[in-house]
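Participant: Residue 107 in numbering that gives the first Met the number 0 sits at position 108 of the sequence shown; the count goes up by one each step and never skips.
In this text, a Cβ means the ideal position worked out from N, Cα and C, and glycines have one as well.
Owing to the predicted nature of the structure, the values given are computational and were not obtained by experimental measurement.
For reference, the structure I am asking about is given below.
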Amino acid sequence: MKKILSIIILLTALTTQLCAQNIMTLSSGEGRPQDIVEIELSVTNTDDFIAFQTEIPLGENLSYVDGSAVLYREDDHQLVASVVNGTLKIYSYSLSLSSYSGNDGKIISFQLRLGNEPGNITLTNTKAKLSDAAGKELPLTTASGLVQIKAPKLE
0 MKKILSIIIL
10 LTALTTQLCA
20 QNIMTLSSGE
30 GRPQDIVEIE
40 LSVTNTDDFI
50 AFQTEIPLGE
60 NLSYVDGSAV
70 LYREDDHQLV
80 ASVVNGTLKI
90 YSYSLSLSSY
100 SGNDGKIISF
110 QLRLGNEPGN
120 ITLTNTKAKL
130 SDAAGKELPL
140 TTASGLVQIK
150 APKLE
């Protein structure tokens, strides 16, 4: 009986380890030309992490509102958000190796100004990474967001 119980506990532990998942998700937004929309970057994590990064190509019809990035679920973490060659680069880390609090929810929010061309723009996490206190990159799945610019298309 003890052997069967040990096998069940071992299988449960292995299954839990295989199901461990970290997900980084961008929210969606909509507005009219020149509106400002707030986008949230959320992380659902089963692993503790102390740092993250992502890059979001903005294209020609979106622009980052400088200084609008706000960090959540943090202890003493630093945040850097800037646009380089049309891509919003976001980095956050803890010099004291503190983990972000909680396991689900918004990690940052930032604002984008919409351009004049109507349409749908996919917000994609590229080069997204989570790191633990040992500096190890954690497994990560990403989910895209969508920004819709609502306006008639005149030619």
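Which ranges would you report for the beta strand (DSSP E) in the stretch 72 to 121 if only whole runs of at least 3 residues count?
Facilitator: Entirely contained in the stretch 72 to 121, the beta strand (DSSP E) runs reaching 3 residues are, in chain order, 77 to 83, 86 to 92 and 103 to 113.
Participant: For V42, is the classification buried or exposed, using 16 other Cβ atoms within 10 angstroms of its Cβ as the cut-off for buried?
Facilitator: Buried, since its Cβ has 16 or more Cβ neighbours within 10 Å.
Participant: Can you list, in chain order, the residues of its chain with a C-beta nearer than 7 Å to that of T11? Leave out the 5 residues immediately preceding and following it.
Facilitator: The predicted position of T11 is uncertain, since its pLDDT is 49 and thus under 50; no value can be drawn from it.
Participant: Mapping DSSP to helix, strand and coil, what is T125?
Facilitator: Strand.
Participant: If you check the beta carbons only, do N60 and L129 fall under 8 Å apart?
Facilitator: No.
Participant: Classify A133: buried if its beta carbon has 16 or more other beta carbons within 10 angstroms, exposed otherwise.
Facilitator: Exposed is the call here.
Participant: Determine the closest residue to L96 out of A50, L87 and S108, with distance taken between C-alpha atoms.
Facilitator: The shortest Cα separation from L96 among A50, L87 and S108 belongs to A50.
Participant: Can you give me the start and stop residues for the beta strand (DSSP E) that L40 sits inside?
Facilitator: Unbroken beta strand (DSSP E) run through L40: I35 to T43.
Participant: With 16 other CB atoms within 10 Å as the buried threshold, where does V79 fall?
Facilitator: Its Cβ having fewer than 16 others within 10 Å, V79 is exposed.
Participant: How would you label L94, buried or exposed, when you count the other beta carbons within 10 angstroms and need 16 or more for buried?
Facilitator: By the neighbour-count rule (16 or more Cβ atoms within 10 Å), L94 is not buried but exposed.
Participant: For the structure I just gave you, are there three or more beta carbon pairs, one from the stretch 67 to 83 and one from the stretch 130 to 150, closer than 8 Å?
Facilitator: No, the stretch 67 to 83 does not touch the stretch 130 to 150.
Participant: Work out the CA separation of Y92 and E73 for me, nearest whole Å.
Facilitator: Cα to Cα, E73 sits roughly 9 Å from Y92.
Participant: Which of the three DSSP states, helix, strand or coil, is assigned to I49?
Facilitator: Reduced to three states, the DSSP call for I49 is coil.
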